[in-house]
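Report on the structure given below.
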Amino acid sequence: MFRIPILGRLSFMEYQSLVFAAIFFFIERILRLFLFFIPVKLITRTLAKLTNSPQIKCPKNSIHNKDSFCDLMEYWGYPMEEHTVVTRDGYVLGIHRLLSRSPAESESDGYGNGKDGQRPPRPVVLLWHGFMMSSEVFVSIPEKENVMALMLVDAGYDVWLGNSRGNKYSYRHLTKRTWQTEFWDFAIDDLAMFDVPNTIDYILATTGVSKLAYIGFSQGTAQMFCALSSNAELNDKVSLFVALAPATTPRGFDSDVVNAMIKTSPQVLYLLLGRREALSIALTWQELLPTDLFVSVLDVCLDFLFGWKTLNMSPTTKAVCYHHLYSFSSVKSIVHWMQIIRTGRLQYYDEIPVTPNPVFRSGHFCHRYLTRQIRIPIALFHGGRDSLSSAEQLITKELRKPVYVKEVPHYEHLDFLWADDLRREVLDDLIAVLRSNDPNFPQPADDTVAMSLSDSEITLSGESEGTGSSRRISLDDDTTTGKAGNNHAAVATSYAEMNGTYSTN
Numbered sequence: 001m002f003r004i005p006i007l008g009r010l011s012f013m014e015y016q017s018l019v020f021a022a023i024f025f026f027i028e029r030i031l032r033l034f035l036f037f038i039p040v041k042l043i044t045r046t047l048a049k050l051t052n053s054p055q056i057k058c059p060k061n062s063i064h065n066k067d068s069f070c071d072l073m074e075y076w077g078y079p080m081e082e083h084t085v086v087t088r089d090g091y092v093l094g095i096h097r098l099l100s101r102s103p104a105e106s107e108s109d110g111y112g113n114g115k116d117g118q119r120p121p122r123p124v125v126l127l128w129h130g131f132m133m134s135s136e137v138f139v140s141i142p143e144k145e146n147v148m149a150l151m152l153v154d155a156g157y158d159v160w161l162g163n164s165r166g167n168k169y170s171y172r173h174l175t176k177r178t179w180q181t182e183f184w185d186f187a188i189d190d191l192a193m194f195d196v197p198n199t200i201d202y203i204l205a206t207t208g209v210s211k212l213a214y215i216g217f218s219q220g221t222a223q224m225f226c227a228l229s230s231n232a233e234l235n236d237k238v239s240l241f242v243a244l245a246p247a248t249t250p251r252g253f254d255s256d257v258v259n260a261m262i263k264t265s266p267q268v269l270y271l272l273l274g275r276r277e278a279l280s281i282a283l284t285w286q287e288l289l290p291t292d293l294f295v296s297v298l299d300v301c302l303d304f305l306f307g308w309k310t311l312n313m314s315p316t317t318k319a320v321c322y323h324h325l326y327s328f329s330s331v332k333s334i335v336h337w338m339q340i341i342r343t344g345r346l347q348y349y350d351e352i353p354v355t356p357n358p359v360f361r362s363g364h365f366c367h368r369y370l371t372r373q374i375r376i377p378i379a380l381f382h383g384g385r386d387s388l389s390s391a392e393q394l395i396t397k398e399l400r401k402p403v404y405v406k407e408v409p410h411y412e413h414l415d416f417l418w419a420d421d422l423r424r425e426v427l428d429d430l431i432a433v434l435r436s437n438d439p440n441f442p443q444p445a446d447d448t449v450a451m452s453l454s455d456s457e458i459t460l461s462g463e464s465e466g467t468g469s470s471r472r473i474s475l476d477d478d479t480t481t482g483k484a485g486n487n488h489a490a491v492a493t494s495y496a497e498m499n500g501t502y503s504t505n
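So the sequence shown is numbered by full-length UniProt numbering: it starts at 1 and just counts up by one.
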């Protein structure tokens, strides 16, 4: 039953935060009501004049004018397919598949795009976005060499992109309607239980392969850690899990007010945010504000909330990519994340509020996801300036020894999607790790990848089909960077295939 917090359940700081938040959301609702009666173009022109912001007029074929995944792929000149996945609980997810640019390219590499019975299918990769995002984030950066999805296609992969329930491409249910609170009654648990495994099953059935590689960003990593740790069968369907900017137990926010809100009960957050879609005001301001003003406002918000300076993205990159940053998700997912931050555990959604006053505590125990049960090889890419990164805890406490770890010292969270040096710092190594995990994939001549590990030295050993194999990777004393030469086979070999152990000296 819904309960309103009373005196004694919240601390003074939490009440103070509640007042600030209530004022903010009250003003936001008044503004939204006002904007309902005023033409958007009139507001945009007025704001541009008041702030001396030039209204950018881009040609029709500019990437600035592409509002959907299909538009972006038309701009890049890559054919694509749209597919729908109906989850076991009735949500209709829109997912995308990228194809080679021409039939000649498909024929030349010897791979097929499906179950044609003649050529083997391409190795399959599934990309999944972060919280309040969509598949557009993987194809929206203006420099083609940094577009992750296109680079994977050009490297010979069958690339699929998932979309979580509730976002612009998965805004449908078989029986529930989006204006009903029941439609938005989902948290990270539901993404892990239904969206991820049901999408993977659909892709495997469509392509005819037995396994695929999964690349997740931010919440896209969290939902996969949850799915793999709670679904043993899913471990047999994924060959490699690449976690970009892994965020399983974020440390919190740079804002004291927001950090105080984290400690409040779920009921308080629902009072403030409602029970439906989360922070849709962001999309409203995106439509109203001139591009450069919207970029500036978003930069300020990212600095206020997370301490990110966004110095690794050019103004041009921000102007394009920020336009594709937000999509819909549920308030319940926000509440779930705040519970995870508060407890420091990747746990299931907790229906019972946790309060500082012991009189109101229920004494129940909320289960966590047992990530050490994951059996597949995992590669981690994380940033040294990412305040949401959980890489250190994952490496030292939550996982078996990852097969590959790379820290980019100057990277923040969003840089793993849109940094101007993304190819040099991430994508080339990502491709090398994917290839090393697939023994049937052609290896490049120079098959060397930089390794950045948490230990000064690591030994990988194991036996396969009666033949022992052992390799030692030594890291430089000064830079913690080493080289894994040859074909990375010892670096990214599946735990199940190797049946070996990872130990540090």
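Backbone N, C-alpha and C fix where the C-beta goes; we use that ideal spot for every residue, glycine too.
From a predicted model like this one, the values you see are computed outputs, not experimental measurements.
Given that a residue counts as buried once 16 or more other Cβ atoms are within 10 Å of its Cβ, and exposed if not, what is residue 510? Only positions 1 to 505 of the chain appear in the structure, and residue 510 is not among them; the question remains open.
From serine 164 to valine 19, what distance separates their C-alpha atoms? 32 Å
Thinking just about the alpha-carbon of each residue, which of Ser387, Tyr202, Ser436 and Gln373 is nearest to the one in tyrosine 404? Closest by alpha carbon: Ser436.
What does DSSP give as the partner residue(s) for glutamate 425 in the beta ladder? Glutamate 425 pairs with nothing; no bridge assigned.
With burial defined as no fewer than 16 other Cβ atoms inside 10 Å of the residue's Cβ, what is the status of cysteine 70: buried or exposed? exposed
Report buried or exposed for tryptophan 184, applying the criterion of at least 16 other Cβ atoms within 10 angstroms of its Cβ. buried
So, are the CB atoms of tryptophan 308 and histidine 173 less than 8 Å apart? no
Ignore the nearest five residues each way along the sequence and tell me which others in leucine 283's own chain have a CB closer than 6 Å to its CB. Tyr326
Does DSSP classify glycine 220 as helix, strand or coil? helix
Pairing CB atoms from the stretch 395-409 with CB atoms from the stretch 202-220, are three or more of them under 8 Å? no
When Gln347, Ser62 and Val85 are compared against glutamate 74, the one with the closest alpha-carbon: Ser62
Mind checking whether valine 242 and isoleucine 376 have CB atoms under 8 Å apart? no
Span of the alpha helix (DSSP H), counted from its first residue to its last, around threonine 371: Segment: none, threonine 371 is in no alpha helix (DSSP H) and carries neither H nor E.
Nearest neighbour of leucine 370, chosen from Gly156, Ser218, Leu302 and Ala232 [CA to CA]: Ala232
Touch test, the stretch 409-423 against the stretch 263-281, Cβ-Cβ under 8 Å, three pairs minimum: no
Leaving out five residues on either side along the sequence, give the residues of the same chain with a beta carbon under 7 Å from the beta carbon of isoleucine 378. Same-chain partners within the cutoff: Phe241, Ala243, Leu399, Pro402 and Val403.
Spell out the partners DSSP gives tryptophan 184 in its beta bridges. Per DSSP, none; premise fails for tryptophan 184.
Do you know whose CA, among His96, Asp236 and Ala192, lies nearest residue 562's CA? With the chain represented from 1 up to 505, any question about residue 562 goes unanswered, as that position is not in the structure.
Note down, in chain order, each residue of its chain lying with its Cβ closer than 7 Å to the Cβ of arginine 368, except the 5 sequence neighbours on either side. Arg345, Leu346 and Gln347
Using DSSP with H/G/I as helix, E/B as strand and the rest coil, what is valine 147? coil
Do the CB positions of serine 330 and phenylalanine 186 come within less than 8 Å of each other? yes
Taking 8 Å as the threshold (C-beta atoms), are glutamate 277 and phenylalanine 194 in contact? no
Report the CB separation of threonine 221 from threonine 199 in whole angstroms; it is logged as a contact under 8 Å. About 15 Å; that fails the 8 Å criterion.
Straight-line gap, valine 449 to aspartate 429 (C-alpha atoms, nearest Å): Only weak support is given to the placement of valine 449: the predicted model assigns it a pLDDT of 45, under 50, and the value that follows is read from those uncertain coordinates. Whole-angstrom Cα-Cα distance: 6 Å.
Quick check: what's the CA-CA separation for tyrosine 157 versus threonine 317? 26 Å
According to DSSP, residues forming a beta bridge with proline 290: Per DSSP, none; premise fails for proline 290.
So, for threonine 84: in the same chain, excluding its five sequence neighbours on each side, which residues have a beta-carbon less than 8 Å away from its beta-carbon? Val92, Leu93, Gly94 and Ile95
Hey, would you say leucine 152 sits closer than 8 Å to valine 124, going by beta carbons? no
Write down the C-beta distance between glycine 252 and isoleucine 334 rounded to the nearest angstrom, noting that I regard them as a contact closer than 8 Å. Between isoleucine 334 and glycine 252 the Cβ distance is about 14 Å, and since that is not below 8 Å, they are no contact.
Of the residues His382, Trp418 and His129, which one's Cα is nearest the Cα of valine 196? His129
Just list the residues that DSSP pairs phenylalanine 241 with in beta bridges. Tyr214 and Ile378
Length at least 4, wholly inside the stretch 289-329: the alpha helix (DSSP H) runs in chain order: 291-306 and 315-321
Inter-residue Cα distance where the pair is valine 320 and proline 290: Between valine 320 and proline 290, the C-alpha separation is close to 12 Å.
Give the DSSP-derived three-state secondary structure of leucine 126 in the structure shown. strand
Pull up the DSSP beta-bridge partners for threonine 84, would you. Gly94
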